[in-house]
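Contents: one structure, followed by commentary.
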Amino acid sequence: MLNHFICAGLDRGTLEAPIPAPLFRREFSVCRPLSGALLRFCGLGFYRLYINGTDITKGELAPYISNTDDCVYVDEYDLLPYLREGENVLGAILGNGMQNALGAPIWELDKAAFQSAPRLAFELTLSYADGTRETISAGPEVRTHPSALLFNDLWCGERYDARLETPGWNAVERPENDAQWTAAVHAAAPRGDQRVSRAVPIEVAQRRSPVQITPVEGGYLYDFGLNDAGVCELCIRNALPGQKIRLTHGEYWTGEKLNNSKILFVPEEIGQVDEYICKGAAEEVWRPRFSYYGFQYVLVEGVREEQADASLLTFLVMHAALEERGQFRCSDETLNRLQEMTRRSALANFFFYPTDCPQREKHGWTDAGQLSELTMLNFAPEDSYREWLENIRRAQDRSGMLPSVVPMGDWGMGLGGPYWDAACVYLPWMIWKYRGTLDCFRENAGMILRYLRFLDQRRDERGLIQMGIGDWAPVCRLEPRDFKSPIELTDTATACVICRRAGDLFEADGRADEEAYARELCAALRAAAREHLLDRETMTAAGRCQTSQACFLSCGLLEPEEEPRAAAVLRELIEENGGFMDVGCIGGRAIFHTLSRFGDSALAIRMITRPEFPSYGNWIERGATTLWENFFENELDICSRNHLMWGSISDWMFLWLAGLQINPTAKNIREICFRPGFSSKLSYAEAWHRMPYGKTAIRWEQQAQERKLELEIPQNTEAWLALDRAGGGLRRLELRTQETGSYRLLEEWDAIRYDIRVTVCPEEA
C-alpha cells in the first residue's frame, strides 16, 4: 500500500486563478546488477510518467478515473528495461483530472469531499542479483517545479507557454534551473482503497487529417469530416516568439460561428479551448495531455496564412482500446451508416467506462447498462465493465440506493430510477450471457441483493414503483420530462426485468434463497403492473403511447396469448403518428426489438431510415456522423451530437436483421440461434461475433422464391436455424456441429427454396 503522498502545494487553483501543472523529479542510483525493478505509482489527477526521459505512461489520461474516497488506482510498471547502472531519474507531471475539477460546478463535483490539489505517491522496489532489495518512495527527496502547462481542465482545455519549458527536466542530467526546484510537500493519503485497474487503457486509435480548411472571420475552420473524441496535435512552423494560437473545438458550425452553447457547464468562450504560446523554434509540436474533447471542427486563431495548412493540426482520435468482437452489414446503406455511427459513438464515449458525451459531461451515467448488449456484440468491454461495477458498488448507499453517475461526489444519488440503476444487474447479466462467466456477478451479488431490497421498499400502496426521471428526452419535445408514459409504468416494467435477470443470475450460481426472493418480487411487480396499468379489454397500457405499449411487450408483463393484440395496438399507435416514433430513451430501447419480435422488421426499418424528421435517417440527411442526443428539428436545440443513448439500433440489427442470436435464453453460452430477418425485405444481411469458443457468423440473401444462407459455427455448440412460418410461429432446424468441415442443406418450405451452407470450425481455446 502506498502511504506517502506528496504534492507541489496544497492550494487547488480555480478557473479564475489556475496553478501550473507541477513537475516532479526523483534522482536515484543503481550501483549493482538488478534482477527486477517494480514501480507502483499513483497520480491524482492525471499523470505522465518518465524514466530517464522516456515516457512510459500506460495509455492516455492515466490513471483510472475514480472518486478517490472510494477507489484509488495504482499502476504497476516494470522498470528493468529502462534503468541503467549509475544515476537514474523518475519524472512525472500531474494534471488536475477529476481530482481537482475546475470546470464541473454543475454536478457539484468541485465541492465533493475527495477534491484536492494534484498529488502522487510511488514505491520503487529494486531487486538486486545478489538477493538484496532496496525501496525508494515518494518523500522530501522528490523535488518539484512549475511546468509550462499553465492551465489544464478536463472540460475547458489546456493553456501552454512553450517559452517557460524546462528542457531536460526528466533526464538524468540536472536541468539548468536546478537551483529553482523545491522539495515536494507532504499530502494526506486519499481515503479510498488502493487497487490496480482491470479496465482497458485509453489509446490514440487514429491520426486523422483535416478534409477541408476554410478561412473564416478571425481565423481558419478545420473540418475533420467526422465527429469524434480526442485532441489535436499542433505542428507549427516558423512561429514568432510569443505567437499565441487558440484552438476552439466544437461539433456544430452554424455557417457563421462555432456553436458551443450546449456544452452548458462552463462559459462558452473557454469550453474545449486550447491555447499554445510559441517559443519561436523552426518547428514546434504540442498536444494536450490532460483533457479530451468531442468535436468535428476546430476554429484556429492566431496563425498566418502560410501556417494554416493541413499539417498544422492532426486529430488524435482517442478511446478505450476495446478489441473488436463483432460487426453487422446489410443491403440498406442507411442502416450501414447508422451501424458505423453507433460504433463511433460507443467508442467516443468509452474512456475507462462508458460516458454520456465527450464534449459536455464526460461522466459515467449508468443508463449505459441499457446499451451494454450493443457494446458486447461489437466490442470486448467486460474487463472495463467489471472495474466500473467496482466503483458503482462502492457508491451504493446503506439503503441500497444507487447513484445515476459513477464516479461522482454526492450528486446524482437515486436521480435516474430503475432504468439507470439497472446497470448493477444488466452488466453482470450481459457478461454472463455473452462470455459465459459468473465472476462479475459474484463480485456484485451483494450489491444486487441490496438493490432488490431497496426496490421492494420503494413500492407504493398499489405495489408499483415511481421514482427517477422516466422516459427521458422524448422525440420532438424540448422539455426532457415531457413524455407520455407514466413513470410508474416504465419504472415498474424495468424493475421487473431487473428482478428477472437477478433471479437468473442467482439461479445460475446456486443461490436458491436469493433467487426465490428475486422471482417473488418480480411476480409481485408484474401483477401490480397488470392490475393497475393495463386495460385488459383492449390490451392497451397506461398512457396509451408507444413507450408504454412497447414496455409491456418487451418486459414480459403480458401472457403469450395477449401479446398479438397488444402488438397490434402498438402498430396502431405508430400509424396514428404517421409512421414516426414517439418515444423517449426508454421506449427507444424497446420499440424496434418489439416490432421485429412480432414480424414487423420492415416497419421498424422504415421508421428508422426514412429521411423525414423525426428519424435516424433524418440525422444522416442533416450531416450526422455520430448519434445525437435529441430528435429536434432546430439545429441549435440539439444538446449533444455524440451520444449513445439511442444506440440500441445496433444490437437490434444483429439480433433481428442478421438474426444472430447468441445464448438466446441466457442459459447456455454454447447455444446459437440463427433467425434471419427475411421479413425485413432487405436483400441481404450479415453479422459475425467472436464467442469464447470461436467465431460465429451468418450471411443471408433473398430474391424471389429463393433464400441463401451461409452459417459459420464453432464446433460443439448447440446451433439451430429458426425460420418464421408463413402463418405464424417458427420452424426449427437443428444444425450439426460435432464434426468440423462444411456441409450443405437444401430445403423447401412455404414454396420458398432454401440453400443453406454450414461451416463448422474447430473450437478455440
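So for the sequence shown, the numbering used here puts the first residue at 101; every next one is plus one.
All C-beta atoms, glycine included, are put in the ideal place defined by N, C-alpha and C.
Apart from the five residues on each side of it in sequence, which residues of its chain come closer than 7 Å, Cβ to Cβ, to N768?
E818
Spatial distance of V886 from Y260 (CA atoms):
Within the shown structure, residues of the chain are numbered from 101 to 865, placing residue 886 beyond reach of any answer.
Taking only the alpha-carbon atoms, compute the straight-line gap between D604 and R233 and give it to the nearest angstrom.
50 Å
Check whether the Cβ atoms of Y551 and L471 sit closer than 8 Å, and answer yes or no.
The Cβ atoms of Y551 and L471 lie no closer than 8 Å to each other.
Between K344 and I370, is the Cβ-Cβ spacing less than 8 Å?
no
Using the Cβ count rule (16 or more neighbours within 10 Å means buried), how would you classify K781?
exposed
Going by Cα to Cα distance, which pick from F124, A238, G759 and G197 is closest to Y164?
G197
Which stretch, first to last residue, makes up the alpha helix (DSSP H) that contains K533?
A523 to R535
In this structure, does DSSP put H743 in helix, strand or coil?
coil
Assign P660 to one of three DSSP states: helix, strand, or coil.
helix
Helix or strand or just coil, what does DSSP make of F554?
helix
Identity of the residues DSSP links to Y173 by a beta bridge
Per DSSP, R295.
Return yes when the Cβ of A289 is within less than 8 Å of the Cβ of N103, no when it is not.
yes
Whole-Å CB distance - F680 paired with P714, under 8 Å assumed:
A Cβ-Cβ distance of about 6 Å is found for the pair F680 and P714, placing them in contact under the 8 Å criterion.
Indicate whether I106 and V242 have their beta-carbon atoms separated by less than 8 Å.
yes
Just grab the DSSP bridge partners of D914 for me.
The first residue shown for the chain is 101 and the last is 865, placing residue 914 beyond what the model contains.
Reduced DSSP secondary structure (H/G/I, E/B, other) of K362:
helix
With distance defined between alpha-carbon atoms, name the residue in V506, V683 and M513 nearest to G500.
M513
If you drop the 5 nearest sequence neighbours on each side, which residues of the same chain put their C-beta closer than 8 Å to that of S361?
E368 and L736
Look up R581 in the DSSP assignment and give the residues it is bridged to.
R581 pairs with nothing; no bridge assigned.
Identify the continuous beta strand (DSSP E) that holds S842 and give its terminal residues.
G841 to W849
Among A238, A229, T414 and G203, the one whose alpha carbon lies nearest that of L134
A229
At what residues does the alpha helix (DSSP H) containing W752 begin and finish?
I749 to W752
How many whole angstroms separate the CB atoms of V858 and L830, which I take to be in contact at a CB cut-off of 8 Å?
In fact, because the Cβ distance is near 19 Å, the residues do not count as touching under 8 Å.
So what does DSSP say about G679, is it helix, strand or coil?
coil
Where the beta strand (DSSP E) through H789 begins and ends
Y784 to M791
Smallest Cα separation from G394: which of S227, H349, R132 and A271?
H349
Could you check where the beta strand (DSSP E) with Q306 kicks off and where it finishes?
Segment I302 to R308, the beta strand (DSSP E) holding Q306.
Using CA coordinates, which residue listed in A612, R611, L621 and T592 is at the minimum distance from L634?
T592
Would you give the residue range spanned by the alpha helix (DSSP H) that L438 belongs to?
For L438, the enclosing alpha helix (DSSP H) begins and ends at E433 to A448.
Measuring alpha carbon to alpha carbon, tell me which of M101, V130, L249 and G231 ends up nearest Y147.
L249
My guess is that P122 and P218 are in contact by the Cβ rule of under 8 Å, so how many angstroms apart are they, rounded?
The Cβ separation is near 7 Å, so the contact holds.
Pop quiz: I99 and L823 are said to be a contact at Cβ under 8 Å. What is the actual Cβ separation, rounded to whole angstroms?
Missing from the structure shown is residue 99; the chain here goes from 101 to 865 and no further.
Going by C-alpha distance, which of D751, D682 and E473 is nearest K584?
The shortest C-alpha separation from K584 is found at D682.
If we call anything under 8 Å between Cβ atoms a contact, is A608 one with W728?
no
May I ask you to list the residues that DSSP assigns as paired with H419?
E303
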